[in-house]
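*Asks:* My structure is below; once you've seen it, I'll send some questions.
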Amino acid sequence: LVGRDVYEDEMPPGTLVNDDVELLLTGAVPDDDSLANLAPVVASLRAEYTIAVPESEVVREGAGLAAAARRAASPTAGAQPKPRPRRRLRRTLVPLLAAAAVLGATTGAAYAVEDSLPGDSFYGLKLAFESVGLLNGGVEARIAEAEALFAGGKVDEALAHAAEAAESGNPEALEAAEGLQRAAEALRTNQQGSDRALDIRSQVADRFDWMATTDDTGRDFGQGVAERAPSSDEEPAANASNRSENASENAADPGDAGNQPDHAGQPESPGNTDSPGQGGGKPTDQEDDGS
Amino acid sequence: LSAAVEQRRNGPLEGGLSPDGEAFQSLLDAAKAGAEWAWEQIYREFYGAVTGYLASRGSPDPDGLTGDVLFKVAGSIHRFEGDSASFRSWVFVIAHRSLIDERRKLGRRPVQTELPIEAPGGDVESEAMERLVTSELLEAFDELTEGQRDVLSLRIIAGLSLEETAQVLDMKVGAVKATQHRAIGNLRQRLESEGTVR
């Protein structure tokens with residue numbers, strides 16, 4: 118962070134000329150003799166890391182990538198992706214127990230922290246644990262929480278939470294949105310209940326659909342989610358009742374939000390690596406160029 | 506700058522993606538639609554460059570990580586808009602950040618991938634080139650700062666332009682220039698002192 122602005126337009130001492138350096142780095146021989154002597158070194162580096170394309174893999178890899186692109190563009194197209202193993206909560210158990218031991222907490226309390234959701238009394242502690250690396254956090258945890266909220270009938274909270282996760286632009290968050298879309302479809306297929314319940318289901322389903330298909334990010338995404346909130350004239354009690362109903366219906370559906378697609382070859386925990394300008398900022402472990 | 510530089514800067518990478526706007530847009534549209542031919546072309550274009558870059562920056566599994574990178578590209582391409590240069594930068598942004606994620610997961614700093622020194626070939630020129638790929642060169646490269654190695658790898662091995670490199674590393678173009686000047690200066694000084702170059 119220190120170096121970027123400080124080094125703007127600051128050229129190191131010496132006689133290197135921009136064009137000569139450009140020539141050297143792009144494979145040509147510079148006019149400057151001392152730089153010209155480096156040309157074979159640059160060529161050696163380039164040659165050593167020139168990796169041949171494995172021709173035997175091109176067709177297979179191309180087909181796999183094309184399928185992944187189709188799935189991303191249209192979650193219902195292409196082969197049905199296999200569900201991702203739900204192992205994240207278990208993966209966080211060991212560091213949680215360690216944290217509990219450090220704090221003198223009981224195992225039961227540790228589980229309470231581990232399983233806490235937004236609004237719970239332990240949720241702040243959970244975030245604190247994540248911030249110091251005692252729990253795996255980030256987008257994955259937020260998605261798991263959204264799913265748990267949804268399963269518990271807290272649809273609005275789940276949507277808001279998923280929106281926060283999706284704001285990161287992380288591919289896994291987008292996958293979660295795909296899962297939510299399937300949940301929306303499940304809601305649509307269940308047309309039983311009162312008119313109000315149907316109306317709420319329809320609004321929620323539309324909201325899921327929009328979340329899963331929009332290209333909006335950041336503030337626009339959050340605003341879009343807010344604009345698609347269920348009507349404000351709904352009675353809270355009716356809402357809660359219908360949410361619970363929806364959740365229990367949805368929990369029995371194999372295509373619910375808990376079943377996440379698994380992109381072949383997708384790493385388990387990608388960072389914000391999907392697009393430039395999102396998640397922005399210079400990587401924290403990147404050093405400046407010395408001083 | 507010479508025509509050679511301009512060609513490398515603006516021209517297709519190893520005969521791959523055309524800088525022609527219309528042709529690239531056709532490829533992009535096809536890739537978004539999931540056309541296999543388009544992804545085969547993208548795979549051909551980027552597999553070697555991305556793998557080489559990741560290997561040069563110490564990834565323990567550059568081939569596997571390249572697969573992850575390309576799948577991330579496929580999973581997000583429906584949201585990409587831009588020309589071929591932007592696309593190349595975007596792919597390497599994903600590659601660079603994936604590399605950082607990998608390092609975090611492994612909990613270690615990058616290691617310098619050892620360059621295999623092949624048996625010298627028959628002609629004098631190639632023998633001279635092979636001779637330069639020595640421990641002195643590796644040590645000199647390894648003594649550069651992380652930022653300098655990032656820049657040189659992206660410029661030399663990935664073949665990115667100044668502007669593309671700046672975008673990948675989230676730096677200003679002036680800062681990339683300064684970094685590569687320092688890197689070249691340090692490399693030259695080190696290799697001259699070793700007698701590797703004159």
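Those protein sequences? They're chains R and Y, same order as listed. The numbers in the first sequence follow this note's numbering, run straight up by one, and end at 408. The numbers in the second sequence follow this note's numbering, run straight up by one, and end at 703. Using N, Cα and C, we set each Cβ at its ideal position, and we do this for glycine too.
#1: Is Y:Glu623 close to chain R? Criterion is C-beta to C-beta, closer than 7 Å.
#2: So which residues on chain Y does R:Arg187 lean against when the C-beta distance must stay under 8 Å?
#3: Quick check: what's the CA-CA separation for R:Ala145 versus R:Gly341?
#4: Is it buried or exposed, R:Gly241, if we count other Cβ atoms within 10 angstroms and call 16 or more buried?
#5: Between Y:Asp573 and Y:Ser603, is the Cβ-Cβ spacing less than 7 Å?
#6: Applying a beta-carbon distance threshold of less than 9 Å, which residues of chain Y neighbour R:Gly341?
#7: Is the Cβ of R:Arg163 closer than 7 Å to any Cβ of chain Y?
#8: If the criterion is Cβ atoms closer than 7 Å, does the pair Y:Val656 and Y:Glu668 meet it?
#9: Just curious, the alpha helix (DSSP H) that Y:His583 is in, first and last residue?
#10: Here's a check: name, in chain order, each residue in its chain whose Cβ is nearer than 8 Å to the Cβ of Y:Val681, leaving out the five neighbours to either side.
#11: Could you compute how far the alpha carbon of R:Val176 sits from the alpha carbon of Y:Ala540?
#12: Please check if any C-beta of chain Y sits within less than 7 Å of the C-beta of R:Ile168.
#13: Taking just the CA atoms, how far does Y:Gly587 sit from Y:Ala645?
#14: What's the C-alpha gap between Y:Gly690 and Y:Leu611?
#15: Express the C-alpha separation of R:Ala164 and Y:His686 in angstroms, rounding to a whole number.
#16: Is R:Leu414 helix, strand or coil when you go by DSSP?
#17: Comparing C-alpha positions only, which one of R:Ala160, R:Ser151, R:Asn154, R:Asp150 sits nearest to Y:Arg660?
#18: What residues from chain Y crowd round R:Glu178, counting only those whose CB sits closer than 7 Å?
#19: Quick check on DSSP: helix, strand or coil for Y:Gly572?
#20: I'd like the list of long-range same chain contacts for Y:His601, defined as Cβ closer than 6 Å, with 5 residues on each side in sequence excluded.
#21: For a contact meaning CB atoms closer than 9 Å, what does Y:Ser564 contact in chain R?
#22: Starting from Y:Gln530, find everything on chain R with Cβ-Cβ shorter than 8 Å and list it in chain order.
#23: Which one of R:Leu244, R:Lys243, R:Ala258, R:Leu234 has the shortest CA to CA distance from R:Glu274?
#24: On the CB-based measure, 16 or more other CB atoms within 10 Å of its CB, does Y:Asp606 come out buried or exposed?
#25: Comparing the C-beta of R:Ala258 with each C-beta of chain Y, is any distance below 7 Å?
#26: Going by Cα to Cα distance, which pick from Y:Gly569, Y:Arg562, Y:Gly557, Y:Glu545 is closest to R:Ala183?
#27: What is the rounded straight-line gap between the Cα of R:Asn367 and the Cα of R:Leu266?
#28: If you compare alpha carbons, which of Y:Gln530, Y:Gly664, Y:Glu697 is closest to Y:Thr556?
#29: DSSP on Y:Phe592, reduced to helix/strand/coil?
#30: What's the C-alpha gap between R:Ser392 and Y:Ser698?
#31: Find the residues of chain R that neighbour Y:Ser589, judging by a C-beta separation of less than 9 Å, and give them in chain order.
#32: When burial is assigned at 16 or more other CB atoms within 10 Å of the CB, is R:Thr167 buried or exposed?
#33: At what residues does the alpha helix (DSSP H) containing R:Ala160 begin and finish?
#34: Thinking just about the alpha-carbon of each residue, which of Y:Gly563, Y:Leu696, Y:Asp568, Y:Arg562 is nearest to the one in R:Pro171?
#35: Mapping the DSSP letters down to three states, classify R:Val170 as helix, strand or coil.
#36: Grouping DSSP H, G and I as helix and E and B as strand, with all else coil, what is Y:Ala663?
*Replies:* Quick answer:
#1: Low confidence applies to Y:Glu623: its pLDDT is 42, below 50, so where it sits in the model is not reliable, and the reading given next is rough at best. It does not; no Cβ of chain R falls within 7 Å.
#2: Ala538, Gly539
#3: 51 Å
#4: exposed
#5: yes
#6: Simply none; closest approach about 15 Å.
#7: yes
#8: no
#9: Segment: none, Y:His583 is in no alpha helix (DSSP H) and carries neither H nor E.
#10: Val656, Leu667, Thr670, Ala671, Leu674
#11: 12 Å
#12: yes
#13: 37 Å
#14: 32 Å
#15: 22 Å
#16: Nothing can be reported for residue 414 of chain R, as the shown portion of chain R is limited to 118 through 408.
#17: R:Ala160
#18: Tyr548
#19: helix
#20: Val673
#21: Neighbours of Y:Ser564 on chain R: none; closest Cβ ~11 Å, over 9 Å.
#22: None at all; the shortest Cβ gap to chain R is about 16 Å.
#23: R:Leu234
#24: buried
#25: no
#26: Y:Glu545
#27: Its pLDDT being 36, under 50, R:Asn367 is placed unreliably by the model, and the measurement read from it follows with that caveat. Distance between the alpha carbons of R:Asn367 and R:Leu266 is about 12 Å.
#28: Y:Gly664
#29: helix
#30: In this predicted model, R:Ser392 has a pLDDT of only 39, less than 50, meaning its place in the structure is not dependable; the value taken from the coordinates is given anyway. Going by the C-alpha atoms only, they are around 42 Å apart.
#31: Correct list: empty, because the minimum Cβ distance to chain R is about 15 Å.
#32: exposed
#33: 156-165
#34: Y:Asp568
#35: coil
#36: coil
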